[in-house]
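Comments concern the structure below.
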Amino acid sequence: PEAITVGELAKRMGEKGADLVKELFNLDMMVTVNQTIDQDTAELLVEQFGHNIQKVSEADVDIAAEEDVDPEETLKPRPPVVTIMGHVDHGKTSLLDALRGANVVKGEAGGITQHIGSYQVKTKGGDEITFLDTPGHAAFTEMRQRGANVTDIVVLVVAADDGIMPQTIEAINHTKAAGVPMIVAINKMDKPEANPDNIRNRLLEHEVIVEKLSGDVQDVEISAKEKTGLDELLEKIALQAELLELKANPDRMAEATVIEAQLDKGRGPVATVLITRGTLERGNTFVVGTESGRVRAIVNDQGKQIKKAGPSMPVEVLGLGGVPSAGDVLTVVENEQRAREVAEYRQEKATEKRTALAPTSFDTMFNNLA
Ligand code: GDP
Ligand code: MG
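Just so we're aligned, residue 263 is where the sequence shown starts under full-length UniProt numbering, counting upward by one.
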């Protein structure tokens, strides 16, 4: 369904609009310069006027356009990726900290390290779970709008001493729109005024029916402060993950999604990414958004440098040419030349998008008119 106006095409061909209209008339098409024609007709016209079309397929230049699905037999189980959502002050940060605290303390022998926001936790049963620290619902929605559906499971935190608040409803709506399963964590159970059944009943009004009320949404009572119910929460996440049968191909060039990125004073542009498939290795060349780069270092959630990172791992990547945006996809490519080619192509497209009103696919198609 690509289309271009006759006038615009004439301009690009360096011909008169009226001449194109005349030619179209000869082809039994009655159109004016302001009307649109489809891609086939446009190509025909270009040829009629003796121009050569050098078609540049987007897939030849931009990896994002490549059809590239991993065969079933290459897929291996991967950990679930969890985002915690809920109303402000209901305990999202406390829960993230509590879950990590249990884990970080074990793995570390002194030494203060700077941790990245997202991390992995191991359940008692030995399952890995990835928690994403995305600052708020806006980030989740924005990432989704950009096609980055990295979250497998949402944990909805609701304070037992409060109720269903505006951002609780917002979180429910986002989760439903994303088609992602939800687990309700009823937090602050240590408080004397905690009333979990009230929360369960109120959730009914938003079509969230928890198990205790014979629904299929798992719920668990926790206290992020007293660190109670956390193992049960982790087990429920693992159970939910099992049902989802999450898989990815670890044996290929990596693809990752940028969770956050910033310019670090000492280290330059740094991105926290989530590996979505393949294995990222030090030295890999890549494209991310309109930037190319070479992996100088990979830092894991414990602040340690590692040589490679596989599916569902959140890691920091150093060696970027610039600061990408959250939701950008980092793709490893064969070599530096390819990385530069794709990055330059994207930069051009980004510039065109800003300046031109016409559909960009036509820019690609006719930008090499001889
Ligand atoms: P967020 O805005 O959802 O990230 O909420 P925070 O994690 O910042 O918590 C908001 C407030 O609730 C803080 O003062 C926490 O100490 C407190 N809080 C969080 N979890 C619990 C809990 O389980 N019990 C109690 N009593 N307080 C909690
Ligand atoms: Mg918070």
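Note that the Cβ used here is the ideal one computed from N, Cα and C, for glycine as well. All values derive from a computational prediction rather than experimental measurement.
Within the region 458-542, ranges of the alpha helix (DSSP H) (whole runs, at least 4 residues) | DSSP runs (the alpha helix (DSSP H)) wholly in the region 458-542: 458-466 and 492-506.
Indicate the three-state DSSP secondary structure (helix, strand or coil) for Ala-447 in the structure shown.
-> Looking at Ala-447 - three-state DSSP - the assignment turns out to be strand.
Straight-line Cα distance separating Met-427 from Glu-473 = Rounded to whole angstroms, Glu-473 to Met-427 spans 21 angstroms at the Cα level.
Are the beta-carbon atoms belonging to Lys-453 and Ala-486 less than 8 angstroms from one another?
-> No, these two residues do not count as a Cβ contact at 8 angstroms.
Spatial distance of Pro-342 from Glu-390 (CA atoms) | 8 angstroms
Heavy atom of the ligand GDP less than 7 angstroms from the Cβ of Val-350, yes or no?
-> yes
Own chain partners of Leu-282 with C-beta closer than 7 angstroms, once the 5 adjacent residues on each side are dropped | Val-268, Leu-271, Ala-272 and Leu-307
Counting only the same chain and skipping the five closest in sequence on each side, list residues whose C-beta sits under 6 angstroms from that of Thr-437.
-> Val-416 and Met-444
Outcome for Lys-527 when other beta-carbon atoms lying within 10 angstroms are tallied against a minimum of 16 | With fewer than 16 Cβ atoms within 10 Å of its Cβ, Lys-527 is classed as exposed.
Assigned exposure category for Glu-328 - 16 Cβ within 10 Å defines buried = exposed
Hey, would you say the C-beta of Lys-273 is under 7 angstroms away from at least one heavy atom of the ligand MG?
-> no
Report yes if the C-beta of Arg-425 is less than 7 angstroms from at least one heavy atom of the ligand GDP; otherwise report no.
-> For the sequence presented, residue 425 should be read as Gly rather than Arg. No; taking the cut-off as 7 angstroms, the Cβ of Gly-425 has no heavy atom of the ligand GDP nearer than that.
Among Leu-506, Ala-503, Gln-429 and Asp-493, the one whose alpha carbon lies nearest that of His-468 = Gln-429
Within 8 angstroms, strictly: CB atoms of Pro-531 and Gly-477 | no
Kindly indicate which three-state DSSP category Arg-340 falls into: helix, strand or coil?
-> coil
Could you spell out the range, first to last residue, of the alpha helix (DSSP H) harbouring Ala-280?
-> 279-288
Alpha-carbon to alpha-carbon, Lys-611 and Asn-365 = Its pLDDT being 49, under 50, Asn-365 is placed unreliably by the model, and nothing is read from it.
Which full runs of the beta strand (DSSP E) of 3+ residues lie inside the region 382-427, going along the chain?
-> 390-394 and 415-421
Would you check if there are 3 or more beta carbon pairs closer than 8 angstroms linking the region 330-340 to the region 290-306?
-> no
Decide if Gln-407 is buried, meaning its Cβ has at least 16 other Cβ atoms within 10 Å, or exposed.
-> exposed
Would you say the beta carbon of Thr-355 comes nearer than 7 angstroms to a heavy atom of the ligand MG?
-> Relative to the ligand MG, the beta carbon of Thr-355 is positioned inside 7 angstroms of a heavy atom.
Helix, strand or coil for Arg-362, going by three-state DSSP, please let me know.
-> Residue state, collapsed to three classes: helix.
Given that a residue counts as buried once 16 or more other Cβ atoms are within 10 Å of its Cβ, and exposed if not, what is Gly-581?
-> buried
Determine the burial state of Ala-371: buried for a count of at least 16 other Cβ atoms within 10 Å of its Cβ, exposed for fewer.
-> Caution is warranted here: a pLDDT of 44 is assigned to Ala-371, below 50, making its placement in the model unreliable, and the coordinate value is therefore given only provisionally. When all chains shown are included, Ala-371 counts as exposed.
Alpha-carbon spacing of Asp-302 relative to Lys-284, whole angstroms = 17 angstroms
Would you say Val-550 and Ala-533 are within 8 angstroms of each other, going by their C-beta atoms?
-> yes
Mind checking whether the beta-carbon of Ser-485 lies closer than 7 angstroms to any heavy atom of the ligand GDP?
-> yes
Using CA coordinates, which residue listed in Gly-540, Lys-338 and Phe-311 is at the minimum distance from Glu-507?
-> Lys-338
Which stretch, first to last residue, makes up the alpha helix (DSSP H) that contains Thr-303?
-> 301-310
Exposed or buried, residue 205, counting other C-beta atoms within 10 Å across all chains shown (16 or more means buried)?
-> No answer is possible for residue 205: it lies beyond the span of the chain, which begins at 263 and ends at 632.
In terms of residue numbering, what span does the alpha helix (DSSP H) encompassing Ala-272 cover?
-> 268-275
Drop a sphere of 10 angstroms on the beta-carbon of Gln-502, count the other beta-carbons inside from all chains shown, and report buried for 16 or more, exposed for fewer.
-> buried
Going by beta carbon distance, what residues of the same chain come within less than 6 angstroms of Leu-286, once the five residues before and after it are set aside?
-> Val-293
Compare the beta carbon distance of Pro-573 and Ile-537 with 8 angstroms and say whether it is the shorter of the two.
-> yes
Cross-strand partners of Ile-431 (DSSP beta bridge) = Paired residue(s): none; Ile-431 is not in a bridge.
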